[in-house]
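S.K.: One structure coming up, written as C-alpha cells, with questions to follow.
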Amino acid sequence: NAGVTQTPKFRVLKTGQSMTLLCAQDMNHEYMYWYRQDPGMGLRLIHYSVGEGTTAKGEVPDGYNVSRLKKQNFLLGLESAAPSQTSVYFCASNLQGSYNEQFFGPGTRLTVL
Amino acid sequence: ELKVEQNPLFLSMQEGKNYTIYCNYSTTSDRLYWYRQDPGKSLESLFVLLSNGAVKQEGRLMASLDTKARLSTLHITAAVHDLSATYFCAVTTNKLIFGTGTLLAVQP
Chain B
23 NAGVTQTPKF RVLKTGQSMT LLCAQDMNHE YMYWYRQDPG MGLRLIHYSV
73 GEGTTAKGEV PDGYNVSRLK KQNFLLGLES AAPSQTSVYF CASNLQGSYN
123 EQFFGPGTRL TVL
Chain Y
2 ELKVEQNPLF LSMQEGKNYT IYCNYSTTSD RLYWYRQDPG KSLESLFVLL
52 SNGAVKQEGR LMASLDTKAR LSTLHITAAV HDLSATYFCA VTTNKLIFGT
102 GTLLAVQP
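Chains as they are written, first to last, in my numbering: chain B, 23 to 135; chain Y, 2 to 109.
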C-alpha cells in the first residue's frame, strides 16, 4: 500500500495563477481532509469530505475549492493564488470521521510570489 | 469553539534529561492524539488516548490523558538526539483540532 500520496511535492506560483493539488489514498478510507500548516500555527483544516461526492468547509476554507469525484481522490484547487496561501499543504484520510486515526500524506510545499 | 494549547512551544534539553510537554484543550473531548513531525516531513502518529486516565508508552515517550482537567501530557524520559522533532497534540470534536506544536531539540 502506498498510503496517502500527494502531487506535486513542490510548486511555485505567481499571484493570480491557479492550480490543483491532488491527494490519493489506497486504503479505502471514507473520510479525506486538506490541511495547511504555517509556522507557529499548527495544522488548520481547509476542507474535508465524508465520502465520494461530498465536501464540507473546515476552519479556513476561503480561497480554496475541493472535489471528491472518486473515493480515492481528493482535489484541492486554488482559483487565484495569493501570497497568503504560501504554506505547506497536507492531505489526510481515515476510515470514518474524527474518532479514527488520520493518516497523512507527505505534504506539498506551495510558494505564491 | 475548541482550542488546543501546547506548552512549551520550544524545548531545548540535554540528552539524558527528563521533561514533559503539556496539551490543554477547551471543551469536552474523549479522544486525543499525539503526532511527531520531523523537519520537512509528514506527521507520524505516536499515540491515541481514548479515555480518562489512559496512559500509553512507547520507548522513551509516555502519554497520558485527564479528560476532567482537559489535559494531556507527553513525558520524555532520558532524552536522546533522535527524539528531536516537533510534537503535536490533536483533539477531536467533530473535527480534529491541532495544537501549535512543541519543537523539541535534544542537545548532546
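Backbone N, C-alpha and C fix where the C-beta goes; we use that ideal spot for every residue, glycine too.
1) Leaving out five residues on either side along the sequence, give the residues of the same chain with a beta carbon under 6 Å from the beta carbon of residue 122 (chain B).
2) State the start and end residues of the unbroken beta strand (DSSP E) segment that holds residue 92 (chain Y).
3) Quick check: what's the CA-CA separation for residue 59 (chain B) versus residue 70 (chain Y)?
4) Within 8 Å of any Cβ in chain B, is that where the Cβ of residue 99 (chain Y) sits?
5) Determine whether the beta carbon atoms of residue 127 (chain B) and residue 26 (chain B) lie at a separation below 8 Å.
6) By DSSP's criteria, residue 8 (chain Y) is part of a beta bridge. Which residues make up the other side?
7) When you measure from the CB of residue 81 (chain Y) to every non-hydrogen atom of the ligand COA, does any distance come out below 7 Å?
8) Got a sec? Which residues, its chain only, sit under 8 Å from residue 72 (chain B) by beta carbon, not counting five neighbours each side?
9) In three-state terms, what does DSSP make of residue 14 (chain B)?
10) Would you list, in chain order, the members of the segment 59-92 of chain Y that have their beta-carbon closer than 7 Å to a beta-carbon of chain B?
11) Just confirm the distance between the C-beta atoms of residue 30 (chain Y) and residue 4 (chain Y), as a whole number of angstroms; I'd bet it's less than 8 Å.
12) Which same chain residues end up closer than 8 Å to residue 59 (chain Y) when comparing Cβ atoms and leaving out the 5 residues on each side of it in sequence?
13) The beta strand (DSSP E) with residue 57 (chain Y) in it runs from where to where?
14) List the residues of chain Y whose Cβ lies closer than 7 Å to the Cβ of residue 63 (chain B), in chain order.
15) Tell me which residues of the segment 66-93 of chain B have at least one Cβ-Cβ distance to chain Y shorter than 9 Å, keeping chain order.
16) If we cut at 8 Å on Cβ distances, does residue 57 (chain Y) have a partner in chain D?
M.R.: Reading it off the structure:
1) Hits under 6 Å: 116.
2) Looking at the DSSP string, the run of the beta strand (DSSP E) that includes residue 92 (chain Y) is 86-93.
3) In this structure, the alpha-carbon of residue 59 (chain B) lies about 28 Å from that of residue 70 (chain Y).
4) So yes, residue 99 (chain Y) belongs to the interface.
5) The Cβ-Cβ distance between residue 127 (chain B) and residue 26 (chain B) falls below 8 Å.
6) Y:23.
7) The model depicted lacks the ligand COA and carries no ligand whatsoever.
8) 52, 53, 78, 119.
9) Any question about residue 14 (chain B) goes unanswered here, given that chain B covers just 23 to 135.
10) 89: these are the residues of the segment 59-92 of chain Y whose beta carbon lies less than 7 Å from some beta carbon of chain B, given in chain order.
11) About 11 Å separates the Cβ atoms of residue 30 (chain Y) and residue 4 (chain Y), ruling out a contact at the 8 Å cut-off.
12) Excluding sequence neighbours, residue 59 (chain Y) sits near 47, 48.
13) Residue range 56-59 is occupied by the beta strand (DSSP E) that includes residue 57 (chain Y).
14) Result: 101.
15) Result list: 66, 67, 70, 80, 81.
16) Here chain D cannot be found, since the structure's protein chains are B and Y.
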